[in-house]
Each structure stands twice: as structure tokens, then as C-alpha cells.
Amino acid sequence: MTITIWILMTLLVASGAVIAIMRDWRFSLIAVLVNYIAQGLFIAQQQFIVPDLVIAGRQFSSLVFIKLITGVGVAIILGITALTFSREYGLEDLDEFSLAELRRAARVAQRASTQENRKFGDYIVPIWATLLVGLASFFLPRVLPLAVEMYPDQLGLARAIDFIWYWQVFIGLISLVLATDILKLGLGLLLCLSGLDLLYTTLANRINILALGTLSLVTLLLALAIAYLSGLLYGRFKTLNLSETERLK
Numbered sequence: 010m011t012i013t014i015w016i017l018m019t020l021l022v023a024s025g026a027v028i029a030i031m032r033d034w035r036f037s038l039i040a041v042l043v044n045y046i047a048q049g050l051f052i053a054q055q056q057f058i059v060p061d062l063v064i065a066g067r068q069f070s071s072l073v074f075i076k077l078i079t080g081v082g083v084a085i086i087l088g089i090t091a092l093t094f095s096r097e098y099g100l101e102d103l104d105e106f107s108l109a110e111l112r113r114a115a116r117v118a119q120r121a122s123t124q125e126n127r128k129f130g131d132y133i134v135p136i137w138a139t140l141l142v143g144l145a146s147f148f149l150p151r152v153l154p155l156a157v158e159m160y161p162d163q164l165g166l167a168r169a170i171d172f173i174w175y176w177q178v179f180i181g182l183i184s185l186v187l188a189t190d191i192l193k194l195g196l197g198l199l200l201c202l203s204g205l206d207l208l209y210t211t212l213a214n215r216i217n218i219l220a221l222g223t224l225s226l227v228t229l230l231l232a233l234a235i236a237y238l239s240g241l242l243y244g245r246f247k248t249l250n251l252s253e254t255e256r257l258k
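Dropping the structure here:
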């Protein structure tokens with residue numbers, strides 16, 4: 010494997026770990042954008058990707074642009090959603106949910122006062138879960154290899170492909186399990202879909218741009234669905250935190 014592939018693998022692992030561990034949506038959105046860009050560039054490194062576009066005298070694959078556009082689109086959609094529903098509203102704007110809003114505002118103020126001194130214990134479970142995902146992604150390609158048949162003469166590359174798609178799917182599942190808000194839940198789903206997208210792209214006998222475009226469209230529609238559900242949840246409970254919605258019912 011080339012050093013470029015090692016760098017892209019590192020970016021994919023680091024961005025997935027940030028999404029699973031960090032609670033701040035700003036870090037998560039930056040990480041998901043990096044994840045999509047790194048995955049697109051990783052796919053572009055494979056031999057079966059034939060450049061079909063010429064821009065400024067250089068050859069590019071339309072597949073890379075599809076991945077980049079998808080990643081930027083997802084980051085923009087979720088970024089606008091997070092910015093919109095993370096704003097605080099004045100008490101004069103409250104309706105019949107004023108009492109629930111007062112309780113929520115008190116909790117937000119309490120969290121804000123201790124946010125900078127958050128205990129490391131809050132991150133123990135996500136960190137250990139991420140480490141276990143890393144170990145599983147490392148050993149599973151040796152037990153259940155899928156890319157070796159496609160790359161029998163390139164064992165290192167085949168294991169790299171298997172490692173990455175296992176990592177993407179498993180870290181997405183961990184993000185789903187540990188999610189405390191609907192945005193994190195959506196990011197977990199997007200990571201799982203991204204891993205399956207990578208599996209199809211690298212193991213397909215022939216790349217179908219229409220199929221890849223459909224997968225990217227599904228990804229963008231999923232991001233829009235997350236934004237829509239976030240709006241519904243915030244409109245009802247004035248929060249995106251799933252645990253708070255249980256208390257406010």
C-alpha cells in the first residue's frame with residue numbers, strides 16, 4: 010500500500026472516532042465532512058476507477074466528485090439544522106410548553122456551567138467502544154475477508170478495504186447505540202450507509218455510476234429526513250436531546 014492510502018485510512022479512522030466520541034455537533038460535522046472526502050479519495054486510488062473528466066488539463070473521475078458533493082451536501086444540511094435548533098429562544102416566545110421550557114433552560118444553564126470541566130468518565134464508554142471497534146475491524150478481515158477475491162495479488166490493499174468498510178459500519182452502529190441526540194443518531198446511520206457504499210464500490214465487478222448516484226441521493230435524502238425529524242422534535246420538546254424528551258413527555 011502507498012503512503013497516500015495509509016493517510017486516507019488514518020483520516021477515516023480519526024473522523025469516525027470523533028463522531029462516536031465527541032458530543033459537540035461542530036466537531037461531529039467537521040468529522041463527517043472529512044470522512045466523506047477521505048473515502049472519496051480512497052476510492053479514487055483504486056485501479057478500477059478510470060478517470061472520465063478532464064479539468065484544467067488534469068484527469069479526474071466523476072465518482073470522486075459524487076462523493077465530494079455528497080459529503081458537502083450532508084455537512085451543509087446537518088450544519089444548518091444544528092445551527093437553527095441550537096439557538097435559545099426568549100421566554101416571551103413560549104406557549105403551553107413554558108413550564109417544560111423553563112426546566113430545559115435550567116438544565117442547559119447547568120450543563121453550560123460545567124461543560125469545560127466535563128469529567129473524563131463521561132467518555133470512558135465511547136472510547137472503549139471505539140477501541141473495540143478498531144480491534145474488530147482489524148481482525149475480521151482475516152477471519153471473514155471479502156475483498157481478497159477481488160484483489161488476490163494485493164493482499165494489503167484487500168485488507169485495507171475490508172478494514173475500512175468494517176470500521177465505517179461498526180463505528181456507525183456504536184454511534185447509534187450511544188447517541189444522546191437525534192443528530193448523532195443520524196450521523197450513525199450515515200456512517201453505516203457510507204460503509205456499505207464503500208463495500209459496493211470496491212467489490213462490484215463493474216462500477217455503475219447510476220447506482221452510485223442513487224446511493225448518494227439516498228444519503229442526501231437521509232440527511233434531509235434527519236433535518237425534518239429534528240425540526241419536529243424541537244418544535245414539540247424545544248430540544249434535540251433524546252433523554253430530555255423522555256422526561257418532558
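Numbered according to my numbering, the sequence shown spans residues 10 to 258.
For glycine and all other residues, C-beta sits at the position ideal for the given N, C-alpha and C.
Quick caveat: nothing in here was measured; it's all calculated off a predicted structure.
State the DSSP-derived secondary structure class of residue i, mapped to helix, strand or coil.
{"i": "Asp-171", "result": "helix"}
{"i": "Leu-62", "result": "strand"}
{"i": "Asp-206", "result": "helix"}
{"i": "Gln-68", "result": "strand"}
{"i": "Asp-131", "result": "helix"}
{"i": "Val-73", "result": "helix"}
Leaving aside the five residues before and after residue i along the sequence, list all residues of the same chain whose C-beta is less than 6 Å from its C-beta, in chain order.
{"i": "Glu-97", "result": "With a pLDDT of 48 at Glu-97, under the threshold of 50, the predicted position of this residue should be treated as unreliable, and no value is reported."}
{"i": "Gly-99", "result": "Unreliable positioning characterises Gly-99 in this predicted model, as indicated by a pLDDT of 43, which lies under 50. A coordinate reading is not provided."}
{"i": "Ala-29", "result": "Pro-135, Thr-139, Ile-180, Ile-183, Ser-184"}
{"i": "Val-157", "result": "Ala-167"}
{"i": "Arg-32", "result": "none"}
{"i": "Trp-34", "result": "Ala-91, Leu-192"}
{"i": "Thr-19", "result": "none"}
{"i": "Leu-149", "result": "Tyr-175"}
Tell me which residues share the same chain as residue i and place their Cβ nearer than 8 Å to its Cβ, disregarding the 5 neighbours each side in the sequence.
{"i": "Glu-101", "result": "Any reading at Glu-101 must be qualified, since the residue scores a pLDDT of 43, below 50, and its modelled position is unreliable; the value itself is stated next. So the list is empty, once near-sequence residues are dropped."}
{"i": "Trp-176", "result": "Leu-21, Val-22, Gly-25, Val-142, Gly-143, Ser-146, Gly-204"}
{"i": "Leu-77", "result": "Tyr-45, Ile-46, Gly-49"}
{"i": "Arg-151", "result": "Arg-168"}
{"i": "Tyr-160", "result": "Leu-166, Ala-167, Ile-170"}
{"i": "Trp-137", "result": "none"}
Going by C-alpha to C-alpha distance, which of the options sits closest to residue i?
{"i": "Thr-210", "options": "Thr-93, Leu-72, Val-41", "result": "Leu-72"}
{"i": "Val-27", "options": "Thr-19, Ser-37, Met-18", "result": "Ser-37"}
{"i": "Ile-170", "options": "Ala-188, Leu-207, Trp-137, Leu-42", "result": "Leu-207"}
{"i": "Val-83", "options": "Arg-245, Thr-223, Trp-137, Ile-39", "result": "Ile-39"}
{"i": "Ile-133", "options": "Met-159, Leu-187, Phe-148", "result": "Leu-187"}
{"i": "Gly-88", "options": "Trp-137, Ala-53, Leu-241, Ile-235", "result": "Ile-235"}
Apart from the five residues on each side of it in sequence, which residues of its chain come closer than 7 Å, Cβ to Cβ, to residue i?
{"i": "Val-239", "result": "Position check: residue 239 holds Ser in this sequence, whereas Val was assumed. Around Ser-239: Thr-90, Phe-94, Ile-191, Leu-192, Leu-249."}
{"i": "Ser-225", "result": "Ile-75, Thr-79"}
{"i": "Asn-126", "result": "A caution first: Asn-126 carries a pLDDT of 48, below 50, which makes its placement in the model unreliable, though a value can still be read off. If we look at Asn-126 and ignore the five residues flanking it on each side, it has no Cβ neighbours."}
For residue i versus residue j, is the C-beta distance shorter than 8 Å?
{"i": "Leu-231", "j": "Leu-202", "result": "yes"}
{"i": "Phe-51", "j": "Ile-173", "result": "yes"}
{"i": "Leu-212", "j": "Leu-155", "result": "yes"}
{"i": "Leu-221", "j": "Ile-75", "result": "yes"}
{"i": "Leu-233", "j": "Ile-85", "result": "no"}
{"i": "Tyr-45", "j": "Thr-79", "result": "yes"}
{"i": "Leu-42", "j": "Val-81", "result": "yes"}
Exercise. Can at least three beta-carbon pairs, one atom from the stretch 168–183 and one from the stretch 196–208, be found at a separation below 8 Å?
Worked result: Touching, yes, given that three or more Cβ pairs across the two stretches are closer than 8 Å.
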